[in-house]
Amino acid sequence: MNKYLQLFRTGNAIMGIVGVFVACFMAAGFDIADEIVNLLISAVVVFMFMCGGNALNDYIDYEIDKTAHPERPIPSGRIERKTALYAGLVMFISSVAISFLTMDIECIAIVIVACILMVAYETCLKQRGFIGNITIAILTGMMFLLGGSVVGSMMDNAIVAAMAMLVSIGREITKDIEDMDSDEGRITLPMRIGIRNASIIACAFYVAGPLLSIQPMIAGTYGILYYTVLIADAVFVFCAISVFKDPHRSQKLAKKAMVLALISFILGVFRF
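So in the working numbering, the last one in the sequence shown is 881, and the numbering has no gaps at all.
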């Protein structure tokens, strides 16, 4: 594989494009074709942003990757560490610059804030446990806000963005519980307050997300197929219960529940 394609982990970046396309569709519905230019711009923005984040990650974690991922470009000696840093910064700057083509202040602001948060996470927040969990959750939710903003309907995605943030925090805490014995150089929430207390907090976030899913039902925002979100909600509740006994299973199921919830929001766009 080309060393830069591997550095940028372009497969993940392409998945980011799929994610923002879905977010755009959720906000604009079948009118998405009217926003094709901004849709393409957002795809490039997200692709470059994720490439920048992956390059910065490799730059920061080069010592860890010598053991964990020796095949990556920096530890394998195919790319100098400084080159990876420059490549990452160019990608971040390019994503911000291209976002100006949308001429939408909300979109531009989201991209700038996302870049700042990603750099802050990789350089210092990742090691600080809970604040790092929150940062990742915010970045997850911001993808849906970006998708809404580029089609002129950012607030239409506010609920799904908030749900994604809440359940992501629960999942990130659960992963920290699972990795507690192997985590080095980090002070995670379970380390600070203990496994049981951290599990209680993760449980609360797992439940808070599904509670928000009720709002679109009350408001009639989506069609009848949106009610399939109740399946995802049930899985999240199960995750909340199982986090106390089996954090590995809990966080794996949470990831699947997130996909189910996303499908429900997409189905909700279809009205019969």
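Even glycine gets a Cβ: it sits at the ideal position worked out from N, Cα and C.
All figures in this text were calculated on a predicted structure; none of them were measured in a lab.
query, result
"Beta-carbon spacing of Val-629, Gly-756 below 8 angstroms", "yes"
"Cα-Cα separation, Cys-707 to Lys-864", "For the record, residue 707 in the displayed sequence is Ile; it is not Cys. Ile-707 and Lys-864: Cα-Cα distance of roughly 31 angstroms."
"Whole-Å CB distance - Pro-682 paired with Ala-693, under 8 angstroms assumed", "7 angstroms"
"Spatially closest choice to Ile-745 from Ser-758, Ser-808, Val-722, by CA coordinates", "Val-722"
"C-beta atoms of Ile-626 and Ala-664 nearer than 8 angstroms", "no"
"Phe-874, DSSP secondary structure in three states", "helix"
"Rounded C-alpha distance that separates Gly-596 from Ala-828", "The requested residue 596 is not part of the displayed model; the chain covers only 610 to 881."
"Whether Glu-877 touches Arg-795 by CB criterion (8 angstroms)", "The sequence given here places Gly at residue 877; Glu does not occur at that position. Not a contact, by the Cβ cut-off of 8 angstroms."
"Same chain only: Cβ atoms within 8 angstroms of Leu-862, ignoring 5 sequence neighbours per side", "Val-844, Phe-847, Cys-848, Ser-851"
"Own chain partners of Asn-621 with C-beta closer than 8 angstroms, once the 5 adjacent residues on each side are dropped", "Met-659, Asn-663"
"Presumed contact (8 angstroms Cβ cut-off) between Val-838 and Ala-813, rounded CB distance", "Rounded, the Cβ-Cβ distance is 20 angstroms, inconsistent with contact."
"Separation of Gly-697 from Cys-724, as counted between CA atoms", "11 angstroms"
"Closest by C-alpha distance to Val-646, when choosing among Thr-749, Lys-691, Ile-740, Val-759", "Val-759"
"Buried/exposed call for Thr-711, threshold 16 Cβ in 10 Å", "buried"
"Same chain only: Cβ atoms within 7 angstroms of Ile-768, ignoring 5 sequence neighbours per side", "Leu-821, Gln-824, Pro-825"
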